[in-house]
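Input: a single structure, listed below in structure tokens.
In the numbering used here, the protein residues as written are 112 to 453.
Right under this line is the structure:
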């Protein structure tokens, strides 16, 4: 998958928080540091329950427009099915604060815009006339179908909040498929298929390596388990990319072009079991994009030298799992060292 795209993300919703101090309100509930969120900027992370399990992942985006009376707005990009849960969670901690929390998914469209070249900046400027666009904080970790020598450069991905009435003048098509391809081929995904509500740990979806968690901010809900997990490096299962077929002997790992001719049914059911060569249950299938997918796998089954392994799906198909290109070598060594003790 390559090329520019721009359009609606129909699977994503928007929660709007308006207050004189939205940062102060959200700081004690979000796992990343709101002090680094500035007007026009974005921040990746998740909301946790008191036991440190994920309620929902989110991308926070601060509006550059200050409302009457000094009120500020932070938009929260969340999975559409989780928007009401996020609103409910935030209102539990509203207390007497003068803050407004609302699900505006039906009032605004969440837009994804991928700029393929510098000259596309003119297109971005045009889009900003109708709404507000923010850099996707995960852009440094995203590439096109990467080559064997990893020469592909990171792509520039933005997400925008555009009023529905503006969209109706030239209704944007959905780009959910293109967007999903871009994330999945890089071993990244979002929403409840990866962050199972009240069950998943944030590091299972690699938030610690995606700059989605702050280890230096003050206390926040769920911090104790998150901090302990980070210090002890005890995350034994993590989300990794897979490619359909046995590529262990080719030396290419998951660096295989996206093949749109492959049907998602080739992978079996989302949530299905993934097995090792010896038949052990080692993980689950989380999301699929043609011949590529992501799965939550036990790391101790990987070959530390090649950072890959062959797996079998519950429908009998064979796939190759590999470590994402953006995992740092030092971190990988520590993770494998800990996983071998499982």
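Even glycine gets a Cβ: it sits at the ideal position worked out from N, Cα and C.
Short Cβ contact (7 Å threshold) for residue i with residue j
{"i": "residue 129", "j": "residue 218", "result": "no"}
{"i": "residue 123", "j": "residue 188", "result": "yes"}
{"i": "residue 290", "j": "residue 405", "result": "no"}
{"i": "residue 397", "j": "residue 408", "result": "no"}
{"i": "residue 357", "j": "residue 421", "result": "yes"}
{"i": "residue 353", "j": "residue 428", "result": "no"}
{"i": "residue 393", "j": "residue 381", "result": "no"}
{"i": "residue 270", "j": "residue 255", "result": "no"}
{"i": "residue 426", "j": "residue 379", "result": "yes"}
{"i": "residue 150", "j": "residue 178", "result": "no"}
{"i": "residue 90", "j": "residue 305", "result": "Within the shown structure, residues of the chain are numbered from 112 to 453, placing residue 90 beyond reach of any answer."}
{"i": "residue 297", "j": "residue 273", "result": "no"}
Cut-off 6 Å between Cβ atoms - residues of its own chain near residue i, not counting five sequence neighbours on either side
{"i": "residue 437", "result": "252"}
{"i": "residue 286", "result": "116, 118, 223"}
{"i": "residue 318", "result": "324"}
{"i": "residue 144", "result": "325, 328"}
{"i": "residue 213", "result": "127"}
{"i": "residue 375", "result": "399"}
{"i": "residue 157", "result": "142, 165, 168, 313"}
{"i": "residue 447", "result": "415"}
{"i": "residue 226", "result": "267"}
{"i": "residue 139", "result": "331"}
Cβ-based neighbour list, residue i, same chain, cut-off 8 Å, excluding 5 preceding and 5 following
{"i": "residue 292", "result": "112, 369, 400, 401, 403"}
{"i": "residue 230", "result": "In this prediction, residue 230 scores a pLDDT of 48, lower than 50, which makes its location untrustworthy; no coordinate-derived value is stated."}
{"i": "residue 148", "result": "134, 154, 171, 173, 185"}
{"i": "residue 191", "result": "121, 122, 123, 124, 216"}
{"i": "residue 439", "result": "320"}
{"i": "residue 349", "result": "314, 315, 316, 317, 407, 408, 410, 446"}
DSSP three-state assignment for residue i, whether helix, strand or coil
{"i": "residue 156", "result": "strand"}
{"i": "residue 346", "result": "coil"}
{"i": "residue 375", "result": "helix"}
{"i": "residue 327", "result": "coil"}
{"i": "residue 442", "result": "helix"}
{"i": "residue 309", "result": "coil"}
{"i": "residue 127", "result": "strand"}
{"i": "residue 251", "result": "helix"}
{"i": "residue 147", "result": "helix"}
{"i": "residue 390", "result": "coil"}
{"i": "residue 397", "result": "strand"}
{"i": "residue 339", "result": "helix"}
{"i": "residue 245", "result": "strand"}
{"i": "residue 141", "result": "strand"}
{"i": "residue 410", "result": "helix"}
{"i": "residue 430", "result": "strand"}
{"i": "residue 230", "result": "Caution applies to residue 230, whose pLDDT of 48 falls short of 50 and renders its modelled position unreliable; the value that the coordinates give is listed next. Three-state result, residue 230: helix."}
N-terminal and C-terminal residue of the alpha helix (DSSP H) that residue i is part of
{"i": "residue 201", "result": "194-202"}
{"i": "residue 295", "result": "287-295"}
{"i": "residue 138", "result": "133-138"}
Any C-beta of chain C under 7 Å from that of residue i
{"i": "residue 412", "result": "This model lacks chain C altogether; it includes just one protein chain."}
Cβ-based burial, residue i [other Cβ within 10 Å; buried from 16]
{"i": "residue 335", "result": "exposed"}
{"i": "residue 142", "result": "buried"}
{"i": "residue 435", "result": "buried"}
{"i": "residue 162", "result": "exposed"}
{"i": "residue 390", "result": "exposed"}
{"i": "residue 275", "result": "exposed"}
{"i": "residue 424", "result": "buried"}
{"i": "residue 160", "result": "exposed"}
{"i": "residue 388", "result": "exposed"}
{"i": "residue 333", "result": "buried"}
{"i": "residue 337", "result": "buried"}
{"i": "residue 441", "result": "exposed"}
{"i": "residue 294", "result": "buried"}
7 Å CB neighbourhood of residue i in its chain, flanking five on each side removed
{"i": "residue 303", "result": "190, 192, 193"}
{"i": "residue 340", "result": "312, 314, 346"}
{"i": "residue 207", "result": "none"}
{"i": "residue 181", "result": "131"}
The beta strand (DSSP E) enclosing residue i, as first and last residue numbers
{"i": "residue 168", "result": "165-173"}
{"i": "residue 183", "result": "183-190"}
{"i": "residue 269", "result": "267-274"}
{"i": "residue 211", "result": "210-214"}
{"i": "residue 116", "result": "116-119"}
{"i": "residue 320", "result": "Element bounds for residue 320: n/a, residue is neither H nor E."}
{"i": "residue 161", "result": "Looking at the DSSP string, residue 161 is not in any beta strand (DSSP E), and its letter there is neither H nor E."}
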